[in-house]
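First the structure, in the form of structure tokens, and then the observations on it.
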Amino acid sequence: NSTLIDRNILSDPKLKNTRKVINAVRLIDVMGHLLADIDENSLNVAKMERMRRMEARTRQMDAELYERFAEARRTSFCNWTGRRWSNGASKFLGWLEAPPMEEGLANALNFCAMEIVAIVVESAVRCRDQENHQDVKKREENHSIQRPKALYIRHYEEAIRRNWGYAKRKDILFGYF
Numbered sequence: 299n300s301t302l303i304d305r306n307i308l309s310d311p312k313l314k315n316t317r318k319v320i321n322a323v324r325l326i327d328v329m330g331h332l333l334a335d336i337d338e339n340s341l342n343v344a345k346m347e348r349m350r351r352m353e354a355r356t357r358q359m360d361a362e363l364y365e366r367f368a369e370a371r372r373t374s375f376c377n378w379t380g381r382r383w384s385n386g387a388s389k390f391l392g393w394l395e396a397p398p399m400e401e402g403l404a405n406a407l408n409f410c411a412m413e414i415v416a417i418v419v420e421s422a423v424r425c426r427d428q429e430n431h432q433d434v435k436k437r438e439e440n441h442s443i444q445r446p447k448a449l450y451i452r453h454y455e456e457a458i459r460r461n462w463g464y465a466k467r468k469d470i471l472f473g474y475f
């Protein structure tokens with residue numbers, strides 16, 4: 299698997315940050331299990347499914363809401379300004395109580411944090427939508443069809459409860475392996 303991942307990453311010039319993350323994972327993967335357990339096809343299928351749902355949601359957004367959504371997608375825990383770490387990156391690493399580290403490892407932590415947030419938020423949106431679908435029938439009977447759009451704590455809690463990796467190993471991102 300690792301050679302397949304290497305070939306695909308090395309051949310795509312747009313995956314510079316992905317190469318940095320994989321190199322950082324190699325640095326911390328003492329036993330060699332993390333990269334060996336990555337099945338590129340399953341990762342791509344999961345990501346493509348998430349992207350499909352996101353694209354379907356964005357089609358329904360007006361211009362102002364889409365702009366806010368796009369800005370949020372560009373946000374990172376470790377923003378870079380030119381060739382230097384931004385203040386946000388040092389705050390993120392400080393919040394983690396992390397010691398000084400190489401740039402690649404910080405990128406790997408940033409990637410993991412962004413993936414965890416994406417998984418939990420996407421799952422919370424699905425929980426809210428399922429809840430709304432069940433409540434719509436009740437509201438239609440009462441002639442009240444207003445759908446709440448906000449995500450509440452209960453949606454996040456339910457999303458984490460349903461997460462198989464968290465339920466199995468208390469690990470949202472790597473609990474599936």
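Sequential numbering of the sequence shown, starting at 299, is according to the working numbering. Just so you know, even glycine gets a beta-carbon here, dropped at the ideal spot from N, CA and C. Owing to the predicted nature of the structure, the values given are computational and were not obtained by experimental measurement.
Integer Cβ distance of residue i from residue j, believed to fall under 8 Å
i    : j    : result
Y454 : A422 : 5 Å
A370 : A387 : Between A387 and A370 the Cβ distance is about 18 Å, and since that is not below 8 Å, they are no contact.
A465 : C425 : Between C425 and A465 the Cβ distance is about 15 Å, and since that is not below 8 Å, they are no contact.
F409 : V319 : 5 Å
G402 : A322 : 4 Å
E420 : R351 : 7 Å
T356 : Y364 : 6 Å
Range of the contiguous alpha helix (DSSP H) that encloses residue i
i    : result
E455 : I451 to R460
I320 : K314 to I326
Closest residue to residue i among the options (Cα-Cα distance)
i    : options                   : result
E413 : E365, L363 and F375       : F375
V415 : M352, R351 and I470       : I470
W462 : I417, H331, E400 and K314 : I417
A411 : D427, F390 and E395       : F390
M399 : H331, N315, K314 and I326 : I326
K447 : R459, R324 and E429       : E429
(message) To test your reading of the DSSP string, which unbroken alpha helix (DSSP H) runs of 4 or more residues are found completely within the region 355 to 439?
(response) 361 to 372, 385 to 393 and 401 to 439
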